[in-house]
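Numbering (the numbering used here), first residue to last: 1390 to 1554.
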């Protein structure tokens, strides 16, 4: 008896939920159009006053608008000349420089755990509901994969951890 009542109540809940999802409010509020009359409406055209448009004047400046005195001052003072030059960005180190000195196979367990923590690599494995720490060779493999995938982010972290030890 209770199963029958529960099944009926559950059916009603599902039916109401499906009705809410499938309900289209546009069809319920559809407006019916009336047939057009044979007399068209007259459109009233209002003359708007003409606003005078201003001419846009563009001035082009080329780099040779310096006077002789300004050129002499600029050439004599290198600080002024450097202010006109674009800023120099430091060169990023190349991939070989990033990977130089990193030997993943020489990393100890403690170093591997520190690197894994900083790189966001999981350090535990769940087996049959029990959490266990990952072995060192697994951590080394995942660090190596992270280093191959994104050396720009992994190499500085590894260098920092190895330099502290």
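By construction, the Cβ of each residue, glycine as well, lies at the ideal position given by its N, Cα and C atoms.
Closest to residue i by C-alpha separation, out of the options, would be which residue?
| i | options | result |
| --- | --- | --- |
| residue 1545 | 1498, 1488 and 1523 | 1488 |
| residue 1500 | 1402, 1553, 1415 and 1394 | 1553 |
| residue 1493 | 1518, 1397 and 1529 | 1529 |
| residue 1495 | 1413, 1471, 1551 and 1401 | 1551 |
Going straight from the alpha carbon of residue i to that of residue j, what length do you get?
| i | j | result |
| --- | --- | --- |
| residue 1547 | residue 1459 | 53 Å |
| residue 1549 | residue 1410 | 55 Å |
| residue 1505 | residue 1541 | 16 Å |
| residue 1516 | residue 1527 | 15 Å |
| residue 1490 | residue 1522 | 27 Å |
| residue 1415 | residue 1537 | 54 Å |
| residue 1392 | residue 1403 | 16 Å |
| residue 1398 | residue 1390 | 13 Å |
| residue 1394 | residue 1502 | 57 Å |
| residue 1406 | residue 1518 | 37 Å |
| residue 1401 | residue 1408 | 10 Å |
| residue 1448 | residue 1413 | Confidence in residue 1448 is poor, its pLDDT being 48 and thus under 50, which makes the residue's placement unreliable; the coordinate value appears in the next sentence. The alpha-carbon atoms of residue 1448 and residue 1413 are separated by roughly 59 Å. |
| residue 1476 | residue 1498 | 44 Å |
Going by beta carbon distance, what residues of the same chain come within less than 8 Å of residue i, once the five residues before and after it are set aside?
| i | result |
| --- | --- |
| residue 1520 | 1513 and 1514 |
| residue 1508 | 1532, 1535, 1542, 1543 and 1546 |
| residue 1462 | 1469 |
Give every residue of the same chain whose Cβ lies closer than 6 Å to the Cβ of residue i, excluding the five residues on either side of it in the sequence, and list them in chain order.
| i | result |
| --- | --- |
| residue 1510 | 1531 |
| residue 1524 | none |
| residue 1450 | With a pLDDT of 49 at residue 1450, under the threshold of 50, the modelled position of that residue is not reliable, and the figure given next carries that caveat. None. |
Which same chain residues, not among the five before or five after residue i, have their C-beta less than 7 Å away from its C-beta?
| i | result |
| --- | --- |
| residue 1539 | none |
Starting from the N-terminal side, write out each stretch of the beta strand (DSSP E) that is 3 residues or longer and does not extend beyond the segment 1472-1552. 1513-1516 and 1519-1522
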